[in-house]
Amino acid sequence: NPATVPAATISLIDRALTDLETQGYSNSKTKSYAAFGQVDWQISDPLTLTVGLRYTHEDKEGEFRRYLASDSGGDRSLLTPAQQAAYQVNDLAYTAAVKADAVSGLATLAYKVAPDVLLYGSYARGNKSGGLNITAGGINRPVVDPEKVNAFELGLKSQFLDGKATFNAAAFLTEIKDYQANVTEQVPGTTQTVQYIASIPKVRSKGIEADLNIALSEWVNLGGSVAYTDAKFVSFTNSPQAPERSNEGAIQDLSGRRLPGVPKFAYSANLDVAQPLGENLEIYSRADWNYRSSYNGTPTLSAYGRIPAYGLLNARLGIRTADGQLDLSFWARNLLDKQYYVNRSANTFGLLTGTPGDPRTAGATLRVKW
Numbered sequence: 045n046p047a048t049v050p051a052a053t054i055s056l057i058d059r060a061l062t063d064l065e066t067q068g069y070s071n072s073k074t075k076s077y078a079a080f081g082q083v084d085w086q087i088s089d090p091l092t093l094t095v096g097l098r099y100t101h102e103d104k105e106g107e108f109r110r111y112l113a114s115d116s117g118g119d120r121s122l123l124t125p126a127q128q129a130a131y132q133v134n135d136l137a138y139t140a141a142v143k144a145d146a147v148s149g150l151a152t153l154a155y156k157v158a159p160d161v162l163l164y165g166s167y168a169r170g171n172k173s174g175g176l177n178i179t180a181g182g183i184n185r186p187v188v189d190p191e192k193v194n195a196f197e198l199g200l201k202s203q204f205l206d207g208k209a210t211f212n213a214a215a216f217l218t219e220i221k222d223y224q225a226n227v228t229e230q231v232p233g234t235t236q237t238v239q240y241i242a243s244i245p246k247v248r249s250k251g252i253e254a255d256l257n258i259a260l261s262e263w264v265n266l267g268g269s270v271a272y273t274d275a276k277f278v279s280f281t282n283s284p285q286a287p288e289r290s291n292e293g294a295i296q297d298l299s300g301r302r303l304p305g306v307p308k309f310a311y312s313a314n315l316d317v318a319q320p321l322g323e324n325l326e327i328y329s330r331a332d333w334n335y336r337s338s339y340n341g342t343p344t345l346s347a348y349g350r351i352p353a354y355g356l357l358n359a360r361l362g363i364r365t366a367d368g369q370l371d372l373s374f375w376a377r378n379l380l381d382k383q384y385y386v387n388r389s390a391n392t393f394g395l396l397t398g399t400p401g402d403p404r405t406a407g408a409t410l411r412v413k414w
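In the numbering used here, the protein residues as written are 45 to 414.
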């Protein structure tokens, strides 16, 4: 019954349903210049030093504006100051700019223990350029600091069985300072929060990886790889809260927790078999298996963002000419029709969403070269 609704409320509802709205825009511009070089120095027959440097200069600038628009003359006087702040209808405009110079580089020392065995150690210093928060939440933190990456690696590259087999292994440690991520900050004196991209103190990733490839015969090849990765937030005290824990506050501490999107274990195996059919044709087949352990795909590490472990089997059977000019193959991806998710997430309204991976898919490919 309209008679029971205050006139001001009716006016506000009417205008909101017609043309009283918040509009805004943002734009940014980037200029980048770089110079780089690399030198290989053979200190002795078995020992080689590789050094590379890169210099980068960037200019970034941007602007953001938000305002209340109405074609019929409606204005914010219909709302109290508190309502204007809560509904973000206050005008907002700012510009931001940053100029940055960065030097990155690498140094690798490689030593041939034997003609088919190489040991190496490397250090790389990298940078991910800073950026601009061209959003309403970024007005107090418009400039994002650049990431600084220090990466160390020790490894082995080898061949054996008269070159029929290769084995490579490496251990790595990567530390990232000022890691760029979404953070949540409470507005002083209010219950409101704002989100924006900022630099969190440190992220660390370490692990090992190895791969093996063996030619069992002229026509049969077996290969595989394995990787272990331990990637964690060393310090991240103001992460946005996971939706299911919103009653605990808008901010959570993810220090010591695993990085999203990084499985702890991953491995693969493949088998290639070929057989000549006369002098000009060859029939071939390949099967490969790829596995990754469970991981969380959401930035807030929501319990609903967990992706269970899964493995996928792919296969291919084909025939080709000896010169490679004609190749016809039949293939299948996810041959076992494994049901899995690519991503999963939740929001504060209780909506759970996810993107399923591709089901079993089969097809044929014809390649012609001339």
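The beta carbon of each residue, even a glycine, is placed where N, CA and C say it ideally should be. The model shown is predicted, which means the values in this text are computed figures rather than measured ones.
In the DSSP annotation of this structure, tyrosine 348 is not part of any beta strand (DSSP E), being labelled neither H nor E. Between the stretch 214 to 229 and the stretch 183 to 191 there are three or more C-beta pairs closer than 8 Å, enough to call the two in contact. Just measuring C-alpha positions, the residue of Ala140, Phe277, Glu197 sitting nearest alanine 151 is Glu197. Taking C-alpha positions only, asparagine 184 is separated from valine 227 by approximately 13 Å. Ranked by how close their Cα comes to the Cα of asparagine 257, the residues Ser269, Ser249, Lys246 have Ser269 in first place.
Annotation for proline 186: Tyr138, Ala140, Leu176, Asn177 place their beta carbon closer than 7 Å to its own, counting only its chain and skipping 5 residues before and after. In the DSSP assignment, glutamine 319 falls within the unbroken beta strand (DSSP E) covering 309 to 321.
Leaving aside the five residues that flank glycine 165 on each side, the residues in its chain whose CB is nearer than 6 Å to its CB run, in chain order, Leu153, Leu198. Only residues of its own chain outside the window of five on either side were considered, and among them Ser70, Phe108, Tyr240 have a CB closer than 8 Å to the CB of threonine 179, listed in chain order.
For the options Val264, Asn340, Ile87, Lys201, the alpha carbon positioned closest to that of leucine 315 is the one of Val264. Here serine 283 carries a strand assignment [DSSP, helix/strand/coil]. Rounded to the nearest whole angstrom, the C-alpha separation of asparagine 282 and threonine 344 is 11 Å.
Annotated three-state conformation of glutamate 262 is coil, per DSSP. Annotated as distal: lysine 156 and glutamate 105, with beta-carbon spacing of 8 Å or more.
Residue pairing by DSSP places glutamate 102 opposite Ser76, Ala144 in a beta bridge. Shown here for alanine 195: same chain residues with a beta carbon closer than 6 Å to its own, the five before and five after excluded, namely Ala168, Thr218 in chain order. DSSP, read as helix, strand or coil, puts serine 290 in helix.
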